[in-house]
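Notes for the one structure printed next.
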Amino acid sequence: RKQSFFLVEMAKSIWEFKAGLYMMGTGICWTYTSALEKYILSAEPIPPPFFLGLQRAFMSIPVMIYCIRQNPKFIDHTITSFFHLSLSTVVESFQILTYFWAMESGVPVSAVIAIKRAGNIFLSVVIGRVAYKEQLTIYTIGSACCMIVGILCVVLG
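So for the sequence shown, our numbering puts the first residue at 59; every next one is plus one.
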């Protein structure tokens, strides 16, 4: 009974707050893109670096348009925070290259994508806590652990 009340309250809070809906949308989109990437990379004779490089390039176009429309001073902010942007870009580029190398070395695509997601989850929780002093609740820790265990099941199963 207590568990069903918790689930109802959780669903209600997700529906009432836009942030919850956006997070649900993010989860659904990640699921779809992971499945689509896995399908394309295993079914098409496209080298992973070529496919994923083009994917990132095409992805940047609508994101840039959105950012410029939301904040006309976006370009100014980009110039003033160039060092931090460059540092982030170097780290992300290294992550993408290791992703390519793993796929090219024969690791199954599903395992590579699962490990990539696990790293994102783990680092997001740790960096959120350390750098931004975000409060970790038992639900946050439990959810992250459940996701990582699920990913491990995919990789090891």
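The beta carbon of each residue, even a glycine, is placed where N, CA and C say it ideally should be.
Treat the numbers as computed from the prediction; the structure is a model and nothing was measured.
Rounded distance between the beta-carbons of residue j and residue i, thought under 8 angstroms
| i | j | result |
| --- | --- | --- |
| Val170 | Ala160 | 5 angstroms |
| Phe109 | Leu99 | 6 angstroms |
Cβ shell of residue i (< 6 angstroms), same chain only, five flanking positions each side left out
| i | result |
| --- | --- |
| Arg187 | Leu194 |
| Ser92 | Ile171 |
Whether residue i touches residue j by CB criterion (8 angstroms)
| i | j | result |
| --- | --- | --- |
| Ser151 | Lys96 | no |
| Val212 | Ala172 | yes |
| Glu13 | Pro106 | Not covered by the structure: residue 13. The range shown for the chain is 59 to 215. |
| Ile185 | Met205 | no |
C-alpha distance - residue i paired with residue j, whole-angstrom precision
| i | j | result |
| --- | --- | --- |
| Ala202 | Val183 | 8 angstroms |
| Ala189 | Ser146 | 15 angstroms |
| Phe140 | Leu65 | 44 angstroms |
| Ile86 | Phe116 | 20 angstroms |
| Tyr157 | Leu210 | 17 angstroms |
| Lys70 | Ile196 | 20 angstroms |
| Thr84 | Arg175 | 13 angstroms |
| Ile154 | Arg114 | 10 angstroms |
| Tyr124 | Pro166 | 35 angstroms |
| Gly164 | Pro120 | 32 angstroms |
| Ile133 | Leu214 | 44 angstroms |
| Gly177 | Ser118 | 22 angstroms |
| Ala101 | His142 | 38 angstroms |
| Lys76 | Met68 | 13 angstroms |
| Gly111 | Leu181 | 23 angstroms |
| Lys191 | Tyr90 | 31 angstroms |
| Ile137 | Ser144 | 11 angstroms |
| Lys131 | Gly200 | 40 angstroms |
Residues near residue i by beta carbon distance below 8 angstroms, same chain, minus five either side
| i | result |
| --- | --- |
| Thr198 | Val183 |
| Trp88 | Arg175 |
| Asn129 | His135 |
Residues near residue i in its chain [Cβ-Cβ closer than 7 angstroms; skip 5 each side]
| i | result |
| --- | --- |
| Arg127 | none |
Chain D contact for residue i (CB, 8 angstroms cutoff)
| i | result |
| --- | --- |
| Ile133 | No chain D appears in the structure shown, which is made up of a single protein chain. |
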